[in-house]
Amino acid sequence: MREGKLVFWLLFAPFAAWIALLIVIPHIDMLILSLREKVAPRVYETGFRNYADFAATWVYPWTLLRTVVFSIIATVLTFLIGFPVAYYIAKIAQGRTKAALFMLCLLPFWVSEIVRVFGWMLLLRETGLISNALQGLGLTSGPVELLYNDAAILIGLVYTSMLFMIVPLISTIDGMDDALVEAGYDLGGNGWTVMTRIVIPYAMPGIIAGSIVVFMLALGNYLTPTLLGGKSGQWFTAQIYSQFITRFNWELGSAFGFILLATSSALVWLLLRLSGQSLSNTLGR
Amino acid sequence: MRKLLGTVLTSAAFALVGTAGSAETLRILTWGGYAPESVVAAFKAETGIDVEVTLSNNEDMISKLRATGGAGFDLAQPSQDRILGPQQEFGIYKPLDLSQIDKEQFIGDLYDASVAATTVDGAAYGVAHIWGVSGFAVDRSVAGDIKTYADLCSADYAGKISMRTKRIALLGFAFAAGEDPFAAYSDPAKYEEIITAAADAMGECKANVKAYWSGADDLLAMMRSGEVVAAEAWDATGFKLNAEDSKWNFVAPSTGALGWIDTFALPAKGENDAAAYQWINFVMRPDIAAQIVNQAGSFSASKGSDEMVDPALRAAYQEAFPPEVIANIKWFPPIPAGLEDIEGRLLDQIVAQ
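Sequences listed follow chains A and B, in order.
Residue 3 in full-length UniProt numbering sits at position 3 of the first sequence; the count goes up by one each step and never skips.
Residue 58 in full-length UniProt numbering sits at position 58 of the second sequence; the count goes up by one each step and never skips.
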């Protein structure tokens, strides 16, 4: 018994240390920073002014709103594209094809995110591959700029987070008994009703798990929106970065960080409530 | 098991002794091109000191040093105007011992100007190293008439220009409007008024901007492909393009180019000041300084170094900087603490609108 306890603590220690040192303590530090008001050089007071500054102009709430809305759109698009792919890999493909298709989904993640984003920049820019191909085919008369707009951000986000939607979807759909689908057809269902009444409810934990991960990745992404986005396409993370690094305003930056944390936690909670799932049922599986 | 443990411990001990006993190191926080490999190797050959280079920019230097209270580096190279405010606010540098620096190697005016601009409470915190200006990089074959920020915003170049959402563009717009924001540094209310008007102009110009650049490589890619024909830029970017094709060059705004001097400064908790002074005196030798100029693309405060730089770079420089342009350079005065908060709010609005 005593030995069992020792083993438990030994196994638990790295995790506890990780959580405490890299997550809890820095967050407490950030919270204290965010409640510090800069009065004059090296003079500070405690208060909520940094949070008030967030709401004082339309600039910051607007950026946050934009970021949230675009992250939701990116999540929905990732689901719409990822679900058929996952269904095909889990249920229709067999044997080596299955493994090969799964491998193909994984392949882009063998290079770092920045390389993948640069790849998109080469394709989309005014003097890039797609623009040149369109001109070569005579479909447009002049160069077309496809980079530096919100659609480019969405393409980048969907592409970067696709795997994180497909993997949980495959693992839940894979576990579904094919007899359920057959029974659905035997009882007079058509393709649509079988999909919406049997497959999707069964895959719900996977859908929610994938959506939470993709939404968080999109919301917290910095690189993709910064490189692909246009002159008005600033992401909220870029605001946090510029407060910390460009303006040396760690106090406001920390407040922004907590506002983003609160927003994403609230949205994940809302998603779980609306879908009737729980964290342990989705991400915990 | 015991023996294995013993071996591991002994070799670990040797490893520790090894690092402590081998050469000294000098950790430099600097800009791209300011500590090229050839210079680092020559310094090592002469002094036996290893140089570790970390590339950075003004804001990043301040953030890094602020995070550690001035530890982690033995020498930093902030611009002269970025020393006073951060030093007052965060205390990240220590005073220089000017007697350790060979003043004879410097261009006297730049040396004196940098010392004056970085003096806090009677102590000097920085001496000049590299200087340059901000103005425009222009493709003169198509946009030869661009001379001011107002020209950059003319309808002729809609969607074909670029700039950065940093304070330099705001100041550029203020000068283009006939104001003198530098003179208003000491009067925050007046400054806010001038700079708010400049931000309005910059916001109106946003429709003309293709994309705001953030790194010199971004800008180079947009200019080489012809997607952008004129942009706010460092002189070094203009010279670099000029070396590829003479249709490009740096163009100084007719209202005056904005001049900066990057300095040598000692971080508050630097551990190897002696090596830092050795490095300063080493890189200010004219022949070494010329190597750095060739890499960085901007000119050095080292006396006589301009005679030795790459002739193509000299030619581009002489074309961009006739004497009357040099005389008209507006040198950045030290930024008082607090002004950057005002600018930050305005720039955030421009980006979000």
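C-beta atoms are modelled at their ideal positions from N, C-alpha and C, and glycine is treated no differently.
Alpha carbon of residue i to alpha carbon of residue j, nearest angstrom
i                      : j        : result
B:Lys147               : B:Gly172 : 12 Å
A:Leu227               : B:Gly215 : 11 Å
B:Glu193               : B:Thr118 : 27 Å
B:Trp260               : A:Ser34  : 33 Å
B:Pro163               : A:Lys231 : Checking the sequence, you will find Met at residue 163 of chain B rather than Pro. If you take the alpha carbons of B:Met163 and A:Lys231, they lie about 11 Å apart.
A:Tyr185               : A:Gly4   : 51 Å
A:Thr57                : B:Ile195 : 18 Å
B:Leu84                : A:Leu219 : 37 Å
B:Leu347               : B:Pro188 : 17 Å
A:Leu270               : A:Met176 : 27 Å
A:Ala183               : A:Phe83  : 22 Å
A:Ser141               : A:Ala133 : 12 Å
B:Pro181               : B:Phe175 : 7 Å
A:Ile170               : A:Val199 : 12 Å
B:Leu26                : B:Ala276 : 7 Å
B:Val293               : B:Met223 : 23 Å
A:Tyr88                : A:Thr263 : 35 Å
A:Val24                : A:Ser280 : 21 Å
residue 403 of chain B : A:Arg49  : Examination of residue 403 of chain B is not possible in this model, given that chain B is present from 1 through 353 alone.
A:Phe15                : A:Trp9   : 10 Å
B:Ala198               : B:Ile168 : 11 Å
A:Asp178               : A:Ala90  : 11 Å
Residue nearest to residue i in terms of C-alpha spacing, selected from the options
i        : options                                : result
A:Leu104 : A:Gly156, A:Val167, A:Val69            : A:Val167
B:Lys258 : B:Ile92, B:Val283, B:Glu232, B:Asp121  : Residue identity differs from the one stated: residue 258 of chain B is Leu in this sequence, not Lys. Comparing Cα positions, the closest option is B:Glu232.
A:Val39  : B:Ser63, B:Gly122, B:Asp341, B:Asp348  : B:Asp341
B:Ala207 : B:Gly32, B:Ser154, B:Ala35             : B:Ser154
A:Gln239 : A:Leu64, A:Met165, A:Ile25             : A:Leu64
A:Gly47  : A:Leu101, A:Val268, A:Ala255           : A:Ala255
B:Thr255 : B:Ala315, B:Asn328, B:Ala296, B:Tyr212 : B:Asn328
B:Gln349 : A:Ser275, A:Tyr60, A:Phe258            : A:Tyr60
B:Trp213 : B:Ala230, B:Lys44, B:Ala184            : B:Ala230
A:Leu260 : A:Ala13, A:Phe15, A:Tyr51, A:Trp9      : A:Tyr51
B:Ser298 : B:Val325, B:Ile28, B:Pro322, B:Phe250  : B:Phe250
B:Pro86  : B:Trp248, B:Ser225, B:Pro336           : B:Pro336
Beta-carbon neighbours of residue i, restricted to chain B and to distances below 9 Å
i                      : result
A:Lys91                : The premise fails here: A:Lys91 is roughly 44 Å from chain B at the closest Cβ pair, so nothing lies under 9 Å.
A:Tyr222               : What A:Tyr222 touches in chain B: nothing, since even the nearest Cβ is about 12 Å away.
residue 287 of chain A : Given that chain A is displayed from residue 1 to residue 285, the structure contains no residue 287 of chain A and the question cannot be resolved.
Beta-carbon contacts of residue i that lie in its chain and below 6 Å, excluding the five residues immediately before and after
i        : result
A:Leu131 : Per the sequence shown, residue 131 of chain A should be read as Ser rather than Leu. Counting only Cβ-Cβ distances below 6 Å, and skipping sequence neighbours, we find Pro143, Val144.
A:Tyr202 : Met176
B:Gly344 : none
B:Lys330 : Gly256, Leu258
B:Tyr149 : Gly172, Phe173, Ala176
A:Ala13  : none
Any non-hydrogen atom of the ligand NAD closer than 7 Å to residue i Cβ
i       : result
A:Val39 : In the structure on display, the ligand NAD does not appear, and there are no ligands present to speak of.
Contacts that residue i makes with chain A (C-beta to C-beta distance below 9 Å)
i                      : result
residue 354 of chain B : The structure shown has nothing for residue 354 of chain B, since chain B only spans 1 to 353.
B:Gly33                : Result: empty, since nearest Cβ-Cβ is about 21 Å, beyond 9 Å.
B:Ala337               : Ala40, Pro41
B:Lys206               : Lys231, Ser232
Residues that residue i contacts on chain A, provided the C-beta gap is smaller than 8 Å
i        : result
B:Val209 : Lys231
B:Asp139 : Ordered by position in chain A, no residue passes the 8 Å Cβ test against B:Asp139, which lies about 14 Å from the chain.
B:Glu89  : Pro41, Arg42, Phe248
Within chain B, partners of residue i - CB distance below 8 Å
i        : result
A:Thr127 : Ser225, Gly226, Glu227
A:Trp62  : Ala352
Close Cβ partners of residue i (< 8 Å) along its chain, the five nearest in sequence each way excluded
i        : result
B:Glu46  : Phe282
B:Gly21  : With a pLDDT of 43 at B:Gly21, under the threshold of 50, the modelled position of that residue is not reliable, and the figure given next carries that caveat. Cβ neighbours of B:Gly21 beyond the five flanking positions: none.
B:Val55  : One detail in the question is off: residue 55 of chain B reads as Leu in this sequence, not Val. Excluding residues within five positions, the ones whose Cβ falls inside 8 Å are Thr30, Trp31, Gly32.
B:Leu110 : Ala128, Trp131, Ile261, Ala301
B:Val17  : Note that B:Val17 has pLDDT 44, beneath the 50 cutoff, so the model's placement of it is unreliable and no number is given.
Under 7 Å by beta carbon: chain B residues contacting residue i
i        : result
A:Ile245 : Glu59, Asp60, Ser63
A:Val59  : Asp348, Gln349, Ala352
Under 8 Å from the C-beta of residue i: neighbouring residues of chain C
i        : result
A:Asn249 : Checking the listed chains, one finds no chain C in this structure; the protein chains it contains are A and B.
Own chain residues within Cβ distance below 7 Å of residue i, not counting five before or after
i        : result
A:Leu223 : Glu113, Ile114, Val117
A:Glu45  : Glu37, Val39
B:Asp287 : Met308
A:Leu283 : Ala209, Ile212
Contact list for residue i against chain A, beta-carbon separation under 7 Å
i        : result
B:Tyr277 : None at all; the shortest Cβ gap to chain A is about 28 Å.
B:Lys247 : Near B:Lys247 there are no residues of chain A at all, since even the closest Cβ is about 17 Å away, more than 7 Å.
Contact between the region 263 to 272 of chain B and the region 66 to 73 of chain B (3+ Cβ pairs under 8 Å): yes
The region 203 to 211 of chain A contacting the region 74 to 93 of chain A, beta-carbon criterion three pairs below 8 Å: yes
Validate contact between the region 200 to 217 of chain B and the region 116 to 134 of chain B using beta carbons, cut 8 Å, 3 pairs: no
Stretch-stretch touch, CB-based, cutoff 8 Å, three pairs: the region 238 to 254 of chain A with the region 12 to 27 of chain A: no
At least 3 beta-carbon pairs within less than 8 Å: the region 118 to 134 of chain A vs the region 150 to 161 of chain A: yes
Three or more C-beta pairs below 8 Å linking the region 104 to 116 of chain B and the region 293 to 303 of chain B: yes
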